[in-house]
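Heads up: the sequence shown runs through residues 21 to 471, numbered per our numbering. Cβ coordinates follow ideal geometry from the N, Cα and C atoms, glycine included. The structure presented is a predicted model; accordingly, all values stated were derived computationally and were not measured. Everything below concerns the one structure shown next.
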Amino acid sequence: MKRLQKLSETDNEVFGLIQSELERQEDGLEMIPSENFASRAVMEAEGSVFTNKYSEGYPGKRYYGGNEFVDKVENLAIERAKKAFGVPRANVQPYSGTPANFAVYLATCQPGDVIMGQALPDGGHLTHGWKTSFSGIFYKAVQYHVKADGYIDFEEARKLALEHKPKLIWVGASAYVRQFPFKEMAEIADEVGAYLVADVAHISGLIIGGAHQSPSQYVHIITTTTHKTLRGPRGAIIMVTEKGLKKDPELADRIDKAVFPGLQGGPHDQTTAAIAVALGEALQPDFKGYANQIVANSKALAAGLMKNGLKLVSNGTENHLMLVDLTTIAKGHGVFAQEALEAAGITVNKNTIPLDPSSPFYPSGIRLGTPAITTRGMKEPEMEKIAKWIAEVVNETKKYKLPAEKSEIGEYIRKFKEELKANANVKKVRSEVKELCSRFPLYKVDMNGTS
Ligand code: DSN
């Protein structure tokens with residue numbers, strides 16, 4: 021029987037969309053650093069009969085019957101998470117990163133308490149206190165920043181912590197190109213008696229694979245999504261460290277209560293099974309090679325981009341991602357680079373850069389990374405080619421400039437996209453990208469084959 025055969029017979033519309041998305045992923049370079057390609061095994065677990073079950077509660081303490089195997093799979097995922105991160109407690113039920121972080125607030129703070137995190141335009145996450153998120157609405161958020169060189173400004177963070185006495189401090193971000201300074205942030209948190217939470221969503225696979233230092237000995241709580249460098253399904257884990265239990269022996273129990281019944285209903289057991297599979301894969305010896313290759317590729321790509329004339333925030337990277345500073349072309353230029361690269365088959369996202377002179381919707385940079393293309397098996401020689409293509413395509417956008425009048429932006433970008441379709445250099449890169457991708461196949465052969 022062909023893969024997805026049932027779906028092709030019963031719902032050709034959805035089947036067609038899945039096929040189109042498969043081709044998009046197969047024929048292009050996925051370079052959004054928070055994305056990856058889950059294994060067939062992970063996807064099979066995610067598409068399994070566990071999707072049919074309700075299991076509110078925790079292993080051994082459920083509100084529904086029939087949970088013998090759900091209990092076993094959840095305990096397996098928990099044990100693997102504890103082993104992978106070297107922590108005594110783990111909760112694998114959060115639906116995704118934002119609910120996981122919300123649960124941490126619920127377990128540790130009261131509405132109105134002061135919390136502190138890295139500002140969103142400086143690479144931080146919405147849930148670390150940004151004004152439009154629940155975290156900035158329900159709590160008094162204080163935000164620390166990065167310096168012009170891209171490194172966290174510890175002096176500012178310490179000053180803010182001493183002045184505002186936050187109950188909880190975040191370390192971890194979505195667009196930070198250096199190693200996270202867990203030790204330094206722990207010194208600040210300990211000085212003011214705050215909970216320190218490492219949000220390692222982006223780098224959890226790097227941590228397990230030994231390509232980034234672990235926060236376990238420095239922080240009280242760790243949160244992570246499971247679908248980024250960890251290469252699992254879309255889900256999340258909250259962990260409490262030995263240090264966390266020492267500070268507060270009830271902490272892990274309060275986090276469990278915050279996840280359920282505080283915030284969520286029944287866990288997504290099919291995702292729990294897929295998280296167990298992904299953690300099982302990440303605990304294999306070859307995952308170390310994968311994690312280290314992500315960083316090696318990232319450094320090679322960063323060097324290639326700079327060699328080809330692009331400016332990078334912090335002049336490089338120490339992890340899986342980098343930020344191109346496009347103010348050398350114009351402020352707010354990220355959208356042009358993102359659209360042109362997409363037309364060339366290279367998917368990245370527009371992103372703010374430190375001290376961005378423009379706005380989060382029209383930021384002045386792009387963010388890109390190597391987790392997904394490393395999963396395909398690409399290495400340094402491919403990074404050199406990709407860097408050259410990115411520079412060539414960005415070069416094609418130089419004559420475009422975001423209109424100062426907001427009402428004119430939509431029409432200007434529509435015209436720009438039309439012109440891209442006819443751009444010979446962009447088309448040339450598109451066909452080279454496609455050819456490269458065909459040499460590093462992903463799922464296609466397997467998906468269209470027989471099972
Ligand atoms: N943190 C976002 C990202 O990095 O893409 C997702 O929430």
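Taking the C-alpha atoms as reference points, what is the distance between residue 253 and residue 246? For the purposes of this step, residue 253 is taken as residue 233 along the sequence shown, with counting starting at 1. For the purposes of this step, residue 246 is taken as residue 226 along the sequence shown, with counting starting at 1. Their Cα atoms are separated by approximately 6 Å.
DSSP three-state label for residue 18, please. Nothing can be reported for residue 18: it is not among the residues displayed for the chain, which extend from 21 to 471.
Segment contact flag, the segment 193–207 with the segment 333–341, C-beta cutoff 8 Å, min 3 pairs: yes
Same chain only: Cβ atoms within 7 Å of residue 145, ignoring 5 sequence neighbours per side: For the purposes of this step, residue 145 is taken as the residue at position 125 of the sequence shown. Only 193, 194, 219 meet the Cβ criterion.
Should residue 263 be labelled buried (16 or more other beta-carbon atoms within 10 Å of its own) or exposed? In the sequence shown, the residue the question calls residue 263 occupies position 243. Buried: at least 16 other Cβ atoms inside 10 Å.
In the DSSP assignment, find the alpha helix (DSSP H) that holds residue 63 and state where it starts and stops. Taking the sequence shown and counting its residues from 1, one reaches residue 63 at position 43. Taken as a continuous stretch (DSSP letters only), the alpha helix (DSSP H) holding residue 63 covers 60–66.
Report yes if the C-beta of residue 194 is less than 6 Å from at least one heavy atom of ligand 1; otherwise report no. On the sequence shown, position 174 is the one that residue 194 refers to. It does: the Cβ of residue 194 is within 6 Å (strictly closer) of some heavy atom of ligand 1.
At what residue ranges does the segment 175–231 contain a whole run of the beta strand (DSSP E), taking only runs of 3 or more? 188–191, 215–219
The segment 356–366 touching the segment 438–451, judged by at least three CB pairs closer than 8 Å: yes
Beta-carbon contacts of residue 308 that lie in its chain and below 7 Å, excluding the five residues immediately before and after: One-based indexing of the sequence shown puts residue 308 at position 288. Excluding positions up to five away in sequence, the list reads 229, 230.
When the Cβ atoms of the segment 59–77 are set against those of the segment 198–212, are three or more pairs found closer than 8 Å? Output reads no: the segment 198–212 does not touch the segment 59–77.
Which residues mark the beginning and the end of the beta strand (DSSP E) in which residue 398 is found? For the purposes of this step, residue 398 is identified with residue 378 of the sequence shown, where counting begins at 1. That residue, residue 398, is in no beta strand (DSSP E); it is neither H nor E in DSSP.
Just to confirm, is the Cβ distance from residue 386 to residue 368 under 7 Å? As a working note, residue 386 is residue 366 in the sequence shown. As a working note, residue 368 is residue 348 in the sequence shown. Their beta carbons are under 7 Å apart, which means residue 386 touches residue 368 by this criterion.
Any contact between the segment 61–73 and the segment 287–294? By contact I mean 3 or more CB pairs, one from each, below 8 Å. yes
Do you know how far the Cα of residue 417 is from the Cα of residue 35? Your numbering for residue 35 matches position 15 in the sequence shown. Your numbering for residue 417 matches position 397 in the sequence shown. About 36 Å.
Reduced DSSP category for residue 467 - H, G, I as helix; E, B as strand; rest coil: Indexing the sequence shown from 1 puts residue 467 at position 447. With a pLDDT of only 49 at residue 467, under 50, the local geometry of the prediction cannot be trusted, and the value read off the model is given with reservation. Helix at residue 467.
Hey, is residue 153 close to ligand 1, as in C-beta under 6 Å from one of its heavy atoms? The residue given as residue 153 occupies position 133 in the sequence shown. Not under cutoff, so the answer is no.
For residue 424, which of 287, 455, 350, 97 has the nearest alpha-carbon? If you number the sequence shown from 1, residue 424 lands on position 404. The option with the nearest alpha carbon to residue 424 is 350.
Regarding residue 145 and ligand 1, is the C-beta to nearest heavy atom distance less than 6 Å? As a working note, residue 145 is residue 125 in the sequence shown. Flag set: Cβ of residue 145 near ligand 1.
For residue 371, count the other beta carbons within 10 Å of its own beta carbon; 16 or more makes it buried, fewer makes it exposed. Which is it? One-based indexing of the sequence shown puts residue 371 at position 351. Classification of residue 371: buried, given that the 10 Å Cβ count is 16 or more.
Can you grab the Cα-Cα spacing for the pair residue 14 / residue 114, in whole Å? With the chain covering only 21 through 471, there is no way to say anything about residue 14.
Count Cβ pairs between the segment 381–401 and the segment 165–181 that sit closer than 8 Å; are there 3 or more? no
Using a Cβ-Cβ cutoff of less than 6 Å, which residues in the same chain neighbour residue 71 once the five nearest sequence positions on both sides are dropped? Taking the sequence shown and counting its residues from 1, the one referred to as residue 71 is at position 51. Around residue 71: 290.
How about residue 54: is its Cβ closer than 6 Å to a heavy atom in ligand 1? For the purposes of this step, residue 54 is taken as residue 34 along the sequence shown, with counting starting at 1. Yes, Cβ of residue 54 sits closer than 6 Å to a heavy atom of ligand 1.
Could you please give me the residues that DSSP links to residue 112 through a beta bridge? Counted from its first residue, the sequence shown places residue 112 at position 92. For residue 112, which the question treats as bridged, DSSP gives no partner whatsoever.
Option nearest residue 298 by Cα separation, candidates 170, 268, 101: Start at 1 with the first residue of the sequence shown, and residue 298 comes out as number 278. Nearest C-alpha to residue 298: 101.
Does the pairing of the segment 163–171 with the segment 109–129 give three or more beta-carbon distances under 8 Å? no
How about residue 391 and residue 314: are their beta carbons less than 7 Å apart? For the purposes of this step, residue 391 is taken as residue 371 along the sequence shown, with counting starting at 1. For the purposes of this step, residue 314 is taken as residue 294 along the sequence shown, with counting starting at 1. Yes.
Here's the rule I'm using: 16 or more other beta-carbon atoms within 10 Å means buried, otherwise exposed. How should residue 187 be labelled? Taking the first residue of the sequence shown as position 1, residue 187 is located at position 167. Under this definition residue 187 is a buried residue.
Let's test the definition: count the other Cβ atoms within 10 Å of the Cβ of residue 40 and tell me whether it reaches 16, buried, or not, exposed. Your numbering for residue 40 matches position 20 in the sequence shown. Exposed, because fewer than 16 other Cβ atoms sit within 10 Å of the Cβ of residue 40.
Under DSSP, the beta strand (DSSP E) around residue 385 begins and ends at which residues? Numbered from 1 along the sequence shown, position 365 holds the residue referred to as residue 385. Per DSSP, residue 385 belongs to the beta strand (DSSP E) from 385–389.
Residue 163 - partner residues in DSSP beta bridges: Along the sequence shown, read from residue 1 onward, the residue named residue 163 stands at position 143. Paired residue(s): 137.
Among 389, 353, 397, nearest to residue 377 - alpha-carbon criterion: For the purposes of this step, residue 377 is taken as residue 357 along the sequence shown, with counting starting at 1. For the residues 389, 353, 397, the minimum Cα distance to residue 377 belongs to 353.
Quick check: the segment 391–402 against the segment 43–61, are at least 3 beta-carbon pairs closer than 8 Å? Between the segment 43–61 and the segment 391–402 there are three or more inter-stretch CB-CB distances shorter than 8 Å, so the stretches are counted as touching.
Based on the DSSP output, what are the partners of residue 342 in its beta bridges? Sequence index remark: in the sequence shown, residue 342 carries index 322 (1-based). Answer is 388.
Measuring CB to CB, does residue 375 end up less than 7 Å from residue 357? One-based indexing of the sequence shown puts residue 375 at position 355. One-based indexing of the sequence shown puts residue 357 at position 337. No, Cβ-Cβ distance for residue 375 and residue 357 is not below 7 Å.
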